[in-house]
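Worksheet: the structure to be examined is printed underneath.
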C-alpha cells in the first residue's frame, strides 16, 4: 500500500505548462529519488505535493496521500498536513532559517502550531528532536541562533523542524547540494536512518545521479516537466531505457580527454613558496594581546606551464584566501608568489604585464557579470587594463574571435547576459578570461553550478583550449569526481595547509593522508555493478 | 551588549563635541564679530562694545568656547539678545510644543504606514496595493503646507471641529493641547507616512521572498502566521532607520506647519532668531537639534541590536 500516489499531475504557471502527466508513488520506509537537471520540474513537483506553488499557478490531477486528495484540499487542511504529516527540507541551509529566532524556538514552532502542548512539553520534544538529528543539546543548546552554526548543522536544524512531529513523508529538495562532501555523506546517512527507524517515506530530489543511486530505492528521472523513466534503482541502472537517462549517466561520469603527460614543458609558471596569510582577530578587551587566525599556513606548490592542477578542500580550509592571494588581491604575511618569474604583490603595486598573465573564472556565471553591460563590453574589459590598449576595431575583432572560440556567435557580443543560459554564461566568462591570452586561468568552482551535460561540454572546451593555447589551470572544486577526471595533479588542503600533493590518479588510488581518504570515501559514486552496464 | 552601549555613548559624545566646535567656528567665520553683525552696519561703536561685553565676546576664543559648552552642560544656554530672556527658558517653552508634536506626527505616520505597507505587500498587485501605492505617491507629492490649509478649511472653518491655529498651553488640559496639535500633526504625518509605507512595503516584500518564509510555510504556518511570526521583525530594520530619520526631521522641520497653525515651536524660534540675527539663540538651538539627531540615532542603534541577534553576536 503506497503512502503517496501522484496521478496525472499537471501544473502550469500563467498559462505556461510546467509539469505534465506526472505519476509517482512512494511507500513508508522507502526512498524515492527524483533526478533531473535544472528546469526539469523536480522542485516544482515537490512544491505541488506541498501545495506551495507560486501565485498564479494552476494544478490538476490527483495527489493521493493516505487516500485524501491533496490536490483538492483546502488551504486550511493543507496547513494541517504540512509539518505534521509531510515535512520538507530545502537546498539552502544558510537562508532556510529565520535569523532572528533561536533554533529551539523554530523547532518548537512546528510542535506548537500543530498541537496544544505546553511550553515544557514542546521543549522536551525539541530537545529530543535535536538528539534525533544528532545535534546533542549539551553542545547545541536550543538557545543558539542560526548564525552560530555551520551549514551542515543548520541543515540538521531544518531537518529537525521537518521531522519534529514524525511525519509520514519527508520531501528533501537538494538537501546536500550546498554542503561539503563529508557533510553530505553524514546527512544522507542521517536521512536514511530516519527512514528506517520511523518507517518514514522520503522523496529525495537531486541533480546528482550518484547521490540518488546510493540512497534511493526507486528512481524517477525528470526532464522538461515530464517523468521520462521510473522504476526501482536497480532496474533503472541495469536496464536503462530512455536515451536521456543514458546521456545523464554518461555526462555525470564524463572524462575529458586529458593532455598527454609528455607534452608538458618542464618550466614552472606559478611558484608559491611558504605562503602565509594571517587575519587579525578582534580583541576581546582593549589591552589584550592581538590574536591572529592563520588562513593559509606555509603553503608551497608549483604549477608548470600548461599544467592542470586541482585544489580540493572543504569550506573554510583556505582555498579562497589562497586564490585571492595568487590573484594579488590579498596582503600576505610571509612567503612569495612568483608568476612567470615576477613577484606577485597585493593590490595596485603589481605590474599590468604580470596581471594579464592570469585570469579567473568564478562559480556564479550570472553574478560575475554586470547585467547592464553588453556581452561584448564585458568580454573586452580585460583589454582596457593593458598598457598597449588595442583600438576599438581591434577590440571588436578580438571579442568576436574569442566568442567563436568558446562556441558562441560573433553576433552575441551585442546581447546582454540575461539572454543566455547558465552554460553559455560560463562560456562567456571563459571568453573574458581568454581574451588577453593568459598563461594561467584559475577556475574557482567554475563548473559547480552547471548541469552535468553542460558541465561535460565546458570541461571539454577547457581541455581543448589548454591544448591549443598552452594554458595552465588551477582548478578549485569541492566536487572530487570532476577533479579526478579533469586534473593531472592534485593538492588537498585542510586548515590552511596542503596535506597531500601528487598525481591525481595516484592520490585517488593510494591516498596517503587520512583526510584525503575521508574525502574520497565521502564522494558518492554510481555503484559499479550498475555502471558496468553503461 | 554593555560594551556596545558604552562604545556608542562615547561616539555620541565625540559627535556632539565635534558638532559644537563646528557650530562655534561657524559663528566665528561670520565677518566682523557677532556683535556688529547682530546690530547691523549703522550701529554706534559704543553699542557694539556694550553688546560684546554682554555676549562675553571680550574674552579669548577658547575661553568663550569653554564658557559656552560648560554653560550648556548645566543647562545655561546664555541670554537672548532680542528677547532678553534666558535661552534655556525659551527652548523649554518651545520644546513642550515641538516635542509632543513630533511624537504625535510620528505616531500617526507609523499607525498609517504599518497597516498600509503590510496590506500592500501581502496583496501585491491587487487593487488595494495599487490604490495604497497611488495614495502614497500623492502623499509624497502634495506640499504639506497646502495640505495643511485644506485641513484648516475643512475641519476648522467648515466643520469647526478644531481651531484653525494657536496653542492654548498644557495648562488648559491634555485634551485641549492634543486637540490643538491634531491638525498640524496630520499635516506633518502625511508625507512621512507615505514614505514609511513605501519602505515598509518593499522591505516586507523582500522578506516574504526569503527562504525562511518558505520553510515556515512548509512547517504548516498559514501565510498570515508566517507574516506575523517571521516576516515582520525581519522587515523592521530599514523601517527603523527611516523612523529615526523622520523623528529628527519632524522635531526641527516643522517651521512651515508651525507658521500656518501659529504654533510657537522650535522651528518658529529658529526662524525668528535668524531673521532677527539673534545668533546666540541660533547657535544654541542648532546645538540642541544636533543633540536630538544624535540621541535618536543612538536609540535606533539600540533598537537594531534588540531586533537582530546577529548584530548582538558581532558585538561580543
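Residue numbers (this note's numbering), protein chains in the order written: chain A, 1 to 534; chain B, 1001 to 1316. C-beta: ideal position from N, C-alpha, C; glycine also.
Kindly list the residues whose CB is nearer than 8 Å to the CB of residue i, restricted to its own chain and excluding five residues on each side of it in sequence; keep chain order.
i: residue 17 of chain A; result: 10, 11 and 225
i: residue 520 of chain A; result: 480, 508 and 511
i: residue 187 of chain A; result: 152, 155, 156, 159, 175, 176 and 179
i: residue 1229 of chain B; result: 1216 and 1221
i: residue 1304 of chain B; result: 1237, 1240 and 1311
i: residue 500 of chain A; result: 490, 491, 492, 507, 511, 512, 513, 515 and 516
i: residue 1155 of chain B; result: 1161, 1162 and 1183
Output yes or no for whether 8 Å exceeds the beta carbon distance between residue i and residue j.
i: residue 358 of chain A; j: residue 434 of chain A; result: no
i: residue 149 of chain A; j: residue 158 of chain A; result: no
i: residue 450 of chain A; j: residue 458 of chain A; result: yes
i: residue 301 of chain A; j: residue 491 of chain A; result: yes
i: residue 365 of chain A; j: residue 416 of chain A; result: no
i: residue 1164 of chain B; j: residue 1108 of chain B; result: no
i: residue 537 of chain A; j: residue 356 of chain A; result: This structure cannot settle anything about residue 537 of chain A, because the visible part of chain A is limited to 1 through 534.
i: residue 453 of chain A; j: residue 247 of chain A; result: yes
i: residue 1242 of chain B; j: residue 1106 of chain B; result: no
i: residue 164 of chain A; j: residue 125 of chain A; result: yes
i: residue 542 of chain A; j: residue 438 of chain A; result: This structure does not reach residue 542 of chain A, given that chain A is present from 1 up to 534, and the question cannot be answered.
i: residue 448 of chain A; j: residue 333 of chain A; result: no
i: residue 1117 of chain B; j: residue 1204 of chain B; result: yes
i: residue 353 of chain A; j: residue 318 of chain A; result: no
i: residue 1263 of chain B; j: residue 1167 of chain B; result: yes
i: residue 271 of chain A; j: residue 323 of chain A; result: no
i: residue 113 of chain A; j: residue 1123 of chain B; result: no
i: residue 297 of chain A; j: residue 497 of chain A; result: yes
With a threshold of 7 Å on Cβ separation, who are the neighbours of residue i within its own chain once the five nearest residues in sequence on each side are excluded?
i: residue 1265 of chain B; result: 1094, 1097, 1098, 1101, 1254 and 1258
i: residue 484 of chain A; result: 504 and 508
i: residue 518 of chain A; result: 182
i: residue 229 of chain A; result: 221, 236, 241, 242 and 245
i: residue 400 of chain A; result: 410 and 413
i: residue 1182 of chain B; result: 1162
i: residue 389 of chain A; result: 383
i: residue 1268 of chain B; result: 1255, 1258 and 1259
Can you find the residues in the same chain that come closer than 6 Å, C-beta to C-beta, to residue i, ignoring five residues on each side of it along the sequence?
i: residue 533 of chain A; result: Note on residue 533 of chain A: pLDDT 42, under 50, position unreliable in the model; the coordinate value appears next. Once the five neighbours on either side are set aside, the close Cβ partners of residue 533 of chain A are 238.
i: residue 78 of chain A; result: 51
i: residue 69 of chain A; result: 62
i: residue 108 of chain A; result: 122 and 126
i: residue 214 of chain A; result: 524
i: residue 89 of chain A; result: 158, 159, 162, 172 and 175
i: residue 32 of chain A; result: 26, 203 and 218
State the beta-bridge partners of residue i as determined by DSSP.
i: residue 170 of chain A; result: A:87 and A:202
i: residue 359 of chain A; result: A:441
i: residue 494 of chain A; result: A:497
i: residue 342 of chain A; result: A:339
i: residue 502 of chain A; result: A:490
i: residue 293 of chain A; result: A:279
i: residue 334 of chain A; result: A:276
i: residue 311 of chain A; result: A:476 and A:491
i: residue 302 of chain A; result: A:271
i: residue 164 of chain A; result: Its beta-bridge partners do not exist; DSSP assigns none.
i: residue 223 of chain A; result: A:226
i: residue 13 of chain A; result: A:16 and A:57
Confirm the yes/no value for this check: CB of residue i, any heavy atom of the ligand FMN, distance under 7 Å.
i: residue 89 of chain A; result: For the ligand FMN, the structure offers nothing, since it holds no ligand at all.
Can you give me, in chain order, the residues of the region 140-164 of chain A that have a beta carbon less than 8 Å from any beta carbon in chain B?
145, 147, 148, 158, 161 and 162
Looking at chain A, which residues of the region 1207-1223 of chain B have a Cβ within less than 9 Å of any of its Cβ atoms?
1210, 1211, 1212, 1213, 1214, 1215, 1216, 1217, 1218, 1219, 1220, 1221, 1222 and 1223
Got a sec: which bits of the region 359-393 of chain A sit with their beta carbon under 7 Å from any beta carbon on chain B, in order along the chain?
none
Unbroken stretches of the alpha helix (DSSP H), 4 residues or longer, contained in the region 1032-1080 of chain B
1034-1039, 1045-1055 and 1061-1073
In chain order, what are the residue ranges of uninterrupted alpha helix (DSSP H) at least 4 long that sit wholly in the region 1117-1147 of chain B?
1127-1141
Using a Cβ-Cβ cutoff of 9 Å, what residues of the region 1294-1310 of chain B are near chain A? List them in chain order.
1307, 1308, 1309 and 1310
Positions along the region 89-121 of chain A whose CB lies within less than 7 Å of some CB in chain B:
90, 92, 95, 96, 97, 98, 99, 100, 109, 110, 113 and 114
Relative to chain A, which residues along the region 1225-1238 of chain B have a C-beta separation below 8 Å, given in chain order?
1225, 1229, 1230, 1233 and 1234
For a minimum of 4 consecutive residues, which ranges assigned as the alpha helix (DSSP H) are wholly contained in the region 47-84 of chain A?
75-81
Within the region 408-493 of chain A, ranges of the alpha helix (DSSP H) (whole runs, at least 4 residues)
422-434, 452-469 and 480-486
Closer than 8 Å, Cβ to any Cβ of chain B: which residues of the region 28-61 of chain A, in chain order?
50 and 52
Under 9 Å (Cβ pairs) to chain B, residues found in the region 67-84 of chain A
75, 76, 78, 79, 80, 81, 82, 83 and 84
If you scan the region 1255-1306 of chain B from start to end, which runs of the alpha helix (DSSP H) of 4 or more residues do you find wholly inside it?
1255-1260 and 1266-1275
Any chance you could list the beta strand (DSSP E) runs of at least 3 consecutive residues sitting entirely within the region 107-144 of chain A, in chain order?
none
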